């Protein structure tokens, strides 16, 4: 998998953040966020998910569920970076939308995790790892239309649809649309198969989980989602007026919320070893 690596550029060393983009996005769309974290003591590892950015395309003949394939890809891509982490380094998983679902599943399987930060993750209720066929087909049709448009037209459309976004956010979003794999989007089954409430419970038993969502109609975290998350031990913060793209709709509020949380988890003593807590052997390379 194509992977962007942003080494710590300033600040006291904290550790590594694994950052995963959403469906029809790319690691490039996380570059400003990664640089922000790098300036606050973090190394940031941001892979392009399969079918996105510069990574290989998804193979419809692959017998593995697509969400589980994306999860396996992430393990392979970020494992070497985590293996190089220092003994005292913290490890945090971040993901937006479908990347949030994959980040949570990856964190649940990781040998060491200190925190999980999810931006309006894509999880369905009732719980299922399969996308609605109509929704997937509609998204694929839209993406195919975007592939025909030039970059300039797509940027104009993005700016009109998301007037609060900064210009560089729109530019990176538009580029990512043109790089996304329509076959994977049409399939749509990008959530790993492990039931997400169980995943959240398993992580929260040994590490803090923060879900940042918004209050606009297009957010994925409904009141029912929030109740499940709270019951399973996650903290949920809703940023007023933000939609599904929380960090783009209100970047200052997103930064204040997540920076404070990252500082807060610094005070949690010891290394959180999810695999050990759940009775599984430690994975020294993952």
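Residue numbers (my numbering): 3 to 288.
The beta carbon of each residue, even a glycine, is placed where N, CA and C say it ideally should be.
Predicted model only: the values in this text are computed from it and were never measured.
Cβ distance (whole Å) where residue i is taken to contact residue j below 8 Å
i: residue 217; j: residue 242; result: 5 Å
i: residue 104; j: residue 80; result: The Cβ separation is near 11 Å, so there is no contact.
i: residue 74; j: residue 5; result: With a Cβ gap of about 15 Å, residue 74 and residue 5 do not count as contacting.
i: residue 222; j: residue 136; result: With a Cβ gap of about 17 Å, residue 222 and residue 136 do not count as contacting.
i: residue 50; j: residue 36; result: Residue 50 to residue 36, Cβ: 13 Å. No contact.
i: residue 96; j: residue 19; result: 6 Å
i: residue 245; j: residue 220; result: 5 Å
i: residue 26; j: residue 120; result: Actually they do not touch by this definition, with Cβ atoms about 18 Å apart.
i: residue 117; j: residue 210; result: 5 Å
i: residue 87; j: residue 94; result: Contact doesn't hold; Cβ gap of about 11 Å is too wide.
i: residue 98; j: residue 122; result: 7 Å
Cβ shell of residue i (< 6 Å), same chain only, five flanking positions each side left out
i: residue 186; result: 53, 60
i: residue 282; result: For residue 282, the predicted structure reports a pLDDT of 35, less than 50, and the residue's modelled location is therefore unreliable. The matter cannot be settled from this model.
i: residue 132; result: 191
i: residue 171; result: 250
i: residue 213; result: 120, 231, 236, 238
i: residue 101; result: 22, 23, 24
i: residue 255; result: 241
i: residue 46; result: 8, 19, 21, 36, 39, 40
i: residue 141; result: 187
i: residue 274; result: Note on residue 274: pLDDT 44, under 50, position unreliable in the model; the coordinate value appears next. Contacts found: 115, 116, 208, 209.
Identified DSSP bridge partners for residue i
i: residue 242; result: Answer is none; residue 242 lacks a bridge partner.
i: residue 45; result: 18
i: residue 237; result: 212
Where the beta strand (DSSP E) through residue i begins and ends
i: residue 27; result: Careful: residue 27 lies outside any beta strand (DSSP E) and carries neither H nor E.
i: residue 8; result: 5 to 8
Segment limits, alpha helix (DSSP H) that includes residue i
i: residue 172; result: 169 to 181
i: residue 212; result: Residue 212 -> not in any alpha helix (DSSP H); beta strand (DSSP E) instead, spanning 211 to 216.
i: residue 68; result: 68 to 85
i: residue 227; result: 225 to 233
i: residue 259; result: 253 to 267
i: residue 88; result: Residue 88 -> no alpha helix (DSSP H), and no H or E assigned at all.
i: residue 202; result: 198 to 206
i: residue 185; result: 184 to 189
i: residue 160; result: 153 to 163
i: residue 34; result: 33 to 40
Beta-carbon proximity list for residue i, same chain, < 7 Å, skipping 5 on both sides
i: residue 287; result: Legend: pLDDT at residue 287 = 36, less than 50; position of this residue unreliable, value from coordinates given subsequently. 81, 85.
i: residue 279; result: Here the model assigns residue 279 a pLDDT of 42, short of 50, so the residue's position is not dependable and the matter cannot be decided.
i: residue 68; result: 60, 186, 189, 191, 192
i: residue 226; result: 127
i: residue 234; result: 199, 202, 203, 206
i: residue 11; result: 40, 41
i: residue 32; result: 21, 23, 48
i: residue 240; result: 215, 216, 217
i: residue 72; result: 51, 52, 104, 192
i: residue 1; result: Residue numbering for the chain in the displayed model covers 3 to 288; residue 1 lies beyond these limits and cannot be assessed.
i: residue 107; result: 73, 194, 196, 201
i: residue 91; result: 17, 18
i: residue 173; result: 157
Cβ-based neighbour list, residue i, same chain, cut-off 8 Å, excluding 5 preceding and 5 following
i: residue 156; result: 148, 176, 179, 180
i: residue 167; result: 160, 161, 175, 247, 250, 251
i: residue 14; result: 43
i: residue 57; result: 3, 4, 49, 50, 51, 75
i: residue 253; result: 168
Where in the region 90 to 134 do unbroken runs of the alpha helix (DSSP H), each at least 4 residues long, occur, reported from the N-terminal end onward?
-> 100 to 111
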